[in-house]
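In the numbering used here, the protein residues as written are 54 to 110.
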């Protein structure tokens, strides 16, 4: 899995519009039409698969 990075201001606004709390998510892919994010909380639990979501731009 790729390492997540903190979202930028623009990405934080997109996450808020999608109903997500930006402080709880890391960006793993920044595509032209969407961003892919992974939950920080799911990364801390090594026994489960991390939760990822696609957020449309």
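Even glycine gets a Cβ: it sits at the ideal position worked out from N, Cα and C.
First and last residue of the alpha helix (DSSP H) that includes residue i?
{"i": "residue 93", "result": "93-97"}
{"i": "residue 69", "result": "62-70"}
Tell me whether residue i sits in a helix, a strand or coil according to DSSP, three-state version.
{"i": "residue 89", "result": "strand"}
{"i": "residue 82", "result": "strand"}
{"i": "residue 101", "result": "coil"}
In whole angstroms, what is the alpha-carbon distance linking residue i and residue j?
{"i": "residue 83", "j": "residue 89", "result": "6 Å"}
{"i": "residue 98", "j": "residue 63", "result": "28 Å"}
{"i": "residue 72", "j": "residue 78", "result": "12 Å"}
At what residues does the beta strand (DSSP E) containing residue i begin and finish?
{"i": "residue 107", "result": "105-109"}
Bridge partners for residue i per DSSP, in chain order?
{"i": "residue 77", "result": "Beta-bridge pairing links residue 77 to no other residue."}
Just to confirm, are residue i and residue j a CB contact at a threshold of 8 Å?
{"i": "residue 110", "j": "residue 66", "result": "no"}
{"i": "residue 75", "j": "residue 69", "result": "yes"}
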